[in-house]
Every structure is written in structure tokens, then in C-alpha cells.
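Below: the structure, in C-alpha cells.
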Amino acid sequence: MSAFTLENEAFSGLVFYGGLCLAKTAAMSVVTAYHRITKGAMPTEEDSRMLTKDPEKRKKMLVPNDDVERSRKAHLNDLENVVPFVLLGLLYVSTNPPAGSAILHFKIFFWARVLHSVAYICKLRSPSRGVGFFLGFAATISMLYRTISAVY
Amino acid sequence: MSAFTLENEAFSGLVFYGGLCLAKTAAMSVVTAYHRITKGAMPTEEDSRMLTKDPEKRKKMLVPNDDVERSRKAHLNDLENVVPFVLLGLLYVSTNPPAGSAILHFKIFFWARVLHSVAYICKLRSPSRGVGFFLGFAATISMLYRTISAVY
Amino acid sequence: MSAFTLENEAFSGLVFYGGLCLAKTAAMSVVTAYHRITKGAMPTEEDSRMLTKDPEKRKKMLVPNDDVERSRKAHLNDLENVVPFVLLGLLYVSTNPPAGSAILHFKIFFWARVLHSVAYICKLRSPSRGVGFFLGFAATISMLYRTISAVY
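Next up, the structure:
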């Protein structure tokens, strides 16, 4: 029988927390767009051209803004961690892990990544961001171990 | 019964459009490679070393080229949007959405991303790229909503 | 019947090699962290603040380090190639490819990416890195072709 049905609690947990994780990642685009607009920092020449005709102002718009770069880096860190995690989640669920253990992994990962993003964007004191990263990474390693050893 | 069989129209739609989306993303590597070769802009010192022995020419090869950076940024934007979308598509299909609605989401997303990439690489006038981004993002949000609320 | 069960050899091959590929990608975070710590190169101001009170030393910590940038670029290249590959693997397996052919694709891809990362991080002579990239890319294209044409 396939593990990929909503009757399987581990899988429906993945759909829920994986969905939340991807929503959190998508939200980074909104944060970046917000900073781009409020700080007038555009990524391309044609964007600045739409907003003003003054060549001096255009040049200023193309200078990287600190807040924009910060939310971009947080977004990139999500691509390095969240996207592989949800993908791994699918492989992991196919090995029929106990539902309670699976959901615990997903829950820890999700909240760890929320902490990571908030710490990055709001410049929380170090090592807040590192703690978020590490907890999420540990959940990933634990799932990798279970997945690979199950089919070895 | 599993939703992940080709008899399920929503799933086979995802396999088709998801496959096209990933092919489009892979094509960005080809565009970048093309610009790297024709403009002689290499990413690492060891690449330039293979191409010429002249240390002056090598240094020039390591200066970032505008066209290369442009296709790299378009590629990165695909990583931020296309890869999470196809992954989300798998979670979404498991909630048994109506096939017509599912395929409409996939179709809109695919063509929106084609517009985004063409606008980025060919420097189409703003807001062409933004429209492509926004349509794709809207399809993603709609699928996120359906997915998370189905298992909540 | 669903293709996504461990009794399906092609799928269990994907779980194994896909898991290894994602583990290799996660390992890039460890390599980056190692270089950040040994070279004292931090990504944010708040990290440097935790490590020293001397404002001069802090500034130096924020200068990008060559080894850190190298492992970051190798990581980014994995995001462009490994993550889409494993995701594509799921779509590909649903088209019921012959198990032997599927596992051959996964195996070639995995070892090609190991070569790519080692070549990048250890600065192996060009075109080692390029060969790793190309073999992995060829496996991806072959799977894309099979997947899209199966549902066209």
C-alpha cells in the first residue's frame, strides 16, 4: 500500500507542515518586495526606468540596500534548507516512520525555521539565528539517516 | 487509493507541466553557459587557466559580465519559485483537487514563468517581468491555501 | 497501483540515491561553516559582535573569504541541480521506467555531483568540475525527456 495518502498520519503531517514551510519561504519574497519598494532599491535597470526618468535617481536605485540583502540571504538560506527538507520528507515518509516521530521532526523543523527567519530579518542577537539553523539541520540529518538506512 | 498515479488527471497534469517547468529551469544553465563562453566570463580561476596562459587575460575573464549575471539572477528566481511550486504540486495533488482547476493552476504557472524568464533575459520593458512573477506567485498562494486548509 | 512504494525497485533506488544526493548537499553547509569558523569570516554584523568587541576585527570578519565563497558557490550549484533532480526523480518514477535504467541514471548523477563538489572545493584542474556538471546535467535531460514524453 502507498504511504502517500492523507489517511497516513505521517504523510498528512508532511502535507500540513511542509505546506507551512513552503508558505514561510514564499513569504520571504513579500518581505524582499516590501523593502525594495519602501527603500527604492531595484534589481534591474528596466525597473528603475519605469519608476523615474532621472538618470541620477536611477543609479541610486541600483545600489544594494542592506535590508533587501538581508531578506534575500534569509530567502537563500530557506532554499538551502527548507526546500530539500520537504523533498526529503517525501522520501522519508515512504519508509513508514512512526507517525508521532515523523510529526515531531516536521514540527521542530518548522518552528526552527521561523526562528531563523525572524532572527535574520530583525537582526536578533547572535546566536538566535544559529540556533534556528542548527535545530532545523539536526531534524534534517535525523531524517536523512532514517531514510538512507531504511533502503540500504 | 493513492492520488499519485498517471490515471489521476491532476497528477498526470503535474508530471507534464512540472516536467516542463523543470526543463525551463534547466535551460537557464544553458543560457548562462552560452553567455560565459561567448563573453569569455568564467566563474573560477582554474577555468580561466584552462583557456589562456596570459595572466592579464585571465584576470579579465573573472570580471562579472552583465548578461551572465542577468541569466544567473533569472535562474535564482526560478529556484525561489519553480522548484517550491513543483514540490508543492505533489502535496497539493494529494488533497484531491478537481482536475480542471489543478491543471489550470499548472498551466498559468508554467506560462507565467516563461514570461518571467524571457522578460529577464531579453530586458523587456518593466513591468513584464513583474507580471510573470506575480501570476506565478498567485498560483502558488492559491495552491498553498487549498493544501494547508485541506489537512488543517 | 502506485509506483511510490519501496517494493518498486526504481522508487527504492530513488529513495537511496536521492537521499545520498540530499545528504551531500547538506554537507556543503558543514564545509561552509568550517571555513567560516577557521577563517573567521562571518555573514552578518551580529555574528561578529558575538565573537569580538573590537570594531576593527569585526569589520575584517565581514570581508568575504575565498574558501567560504567557493563552498557557497558549490552549494548554490547543488541547489540548481541536485534539488530539481530529486524532485524530477519523483515525476520520472511515476512513469514506470525500467528499474535498471532508472537506477543507472541515479547512480551516474550521484557520482557526477560528488566529482563536481570535490573539484569545486579542492580547486581540481579544469575541466574536472565541468565534467561532473555535464554528466549530471545529461542524466537530468534524459529523465526530463522520458518524463515529459510519457505523459504528452
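Those sequence lines, one after another, are chains S, Z and Y.
For the first sequence, my numbering assigns the number 10 to the initial residue and increments by one for each residue that follows.
For the second sequence, my numbering assigns the number 10 to the initial residue and increments by one for each residue that follows.
For the third sequence, my numbering assigns the number 10 to the initial residue and increments by one for each residue that follows.
Where is the CB? At the ideal position from N, CA and C, for every residue including glycine.
Item: So Y:L144 and Y:A121 are in contact, right, with Cβ under 8 Å, and what is the actual spacing, rounded?; Value: 4 Å
Item: Whether or not the region 22-39 of chain S and the region 49-59 of chain S are in contact is what I'm after, with contact meaning three or more pairs of Cβ atoms, one per stretch, closer than 8 Å; do they touch?; Value: no
Item: With H, G and I counted as helix, E and B as strand and the rest as coil, what does DSSP make of S:E16?; Value: coil
Item: Helix, strand or coil for Y:S135? Go by DSSP, reduced to three states.; Value: coil
Item: Would you decide whether Z:G141 is buried or exposed? Buried here means 16 or more other CB atoms lie within 10 Å of its CB.; Value: buried
Item: Does the beta carbon of Y:T34 sit closer than 8 Å to a beta carbon anywhere in chain S?; Value: yes
Item: Closer than 8 Å is the cut-off here; do at least three beta carbon pairs connect the region 97-109 of chain Y with the region 17-31 of chain Y?; Value: yes
Item: Just to confirm the assignment: which complete alpha helix (DSSP H) runs, minimum length 4, are found wholly within the region 43-86 of chain S?; Value: 54-60, 64-70
Item: Starting from Y:T149, find everything on chain S with Cβ-Cβ shorter than 7 Å and list it in chain order.; Value: Ordered by position in chain S, no residue passes the 7 Å Cβ test against Y:T149, which lies about 15 Å from the chain.
Item: Alpha carbon to alpha carbon, what distance is there between S:R45 and S:R81?; Value: 11 Å
Item: If you check the beta carbons only, do S:L23 and S:F115 fall under 8 Å apart?; Value: yes
Item: Applying the criterion that 16 or more other CB atoms from any shown protein chain within 10 Å of the CB defines a buried residue, is Y:E89 buried or exposed?; Value: buried
Item: On the three-state DSSP scale, how would you describe Y:Y129?; Value: helix
Item: Apply the 10 Å Cβ neighbour rule to Y:S158 and answer buried if 16 or more other Cβ atoms are within range, or exposed otherwise.; Value: exposed
Item: Taking Cβ-Cβ distances shorter than 9 Å, what residues in chain S pair up with Y:S3?; Value: Look at the range of chain Y in this structure, 10 to 161, and you will see that residue 3 of chain Y is not part of it.
Item: Determine whether the beta carbon atoms of S:V123 and Z:P93 lie at a separation below 8 Å.; Value: no
Item: Going along chain Y, which residues have a C-beta under 7 Å from S:P136?; Value: M59
Item: Going along chain Y, which residues have a C-beta under 9 Å from Z:E18?; Value: Neighbours of Z:E18 on chain Y: none; closest Cβ ~10 Å, over 9 Å.
Item: Using only the alpha-carbon positions, how far apart do Y:A42 and Z:A108 sit?; Value: 45 Å
Item: Could you list the residues in the region 92-113 of chain Z with a C-beta less than 7 Å from some C-beta on chain Y, going in chain order?; Value: V92, V95, L96, L99
Item: Less than 8 Å between the CB atoms is what I'm expecting for Y:L15 and S:V160, so what's the real figure, rounded?; Value: 7 Å
Item: Around the Cβ of S:S126, are there at least 16 other Cβ atoms within 10 angstroms (buried) or fewer (exposed)?; Value: buried
Item: Using alpha carbons as the reference points, say which of S:V39, S:A12, S:F20 lies closest to Z:I150.; Value: S:V39
Item: Taking S:A50 and S:N74 to be in contact with their CB atoms under 8 Å, please state how far apart those CB atoms are, rounded to whole angstroms.; Value: 4 Å
Item: Which term fits S:D63, buried or exposed, when burial requires 16 or more other beta carbons within 10 angstroms of its beta carbon?; Value: exposed
Item: Could you list which residues in chain S have their beta carbon closer than 8 Å to that of Y:T156, in chain order?; Value: Under the 8 Å cutoff, chain S gives no residues; its nearest Cβ is about 16 Å from Y:T156.
Item: Between Z:N86, Z:E65, Z:R134, Z:A19, which has its C-alpha nearest S:M59's C-alpha?; Value: Z:R134
Item: Do S:I130 and S:R79 count as a contact pair if the criterion is CB distance below 8 Å?; Value: yes
Item: Should Z:V77 be labelled buried (16 or more other beta-carbon atoms within 10 Å of its own) or exposed?; Value: buried
Item: With DSSP collapsed to three states, give me the class of Z:Y26.; Value: helix
Item: Taking only the alpha-carbon atoms, compute the straight-line gap between Y:T61 and Y:K69 and give it to the nearest angstrom.; Value: 11 Å
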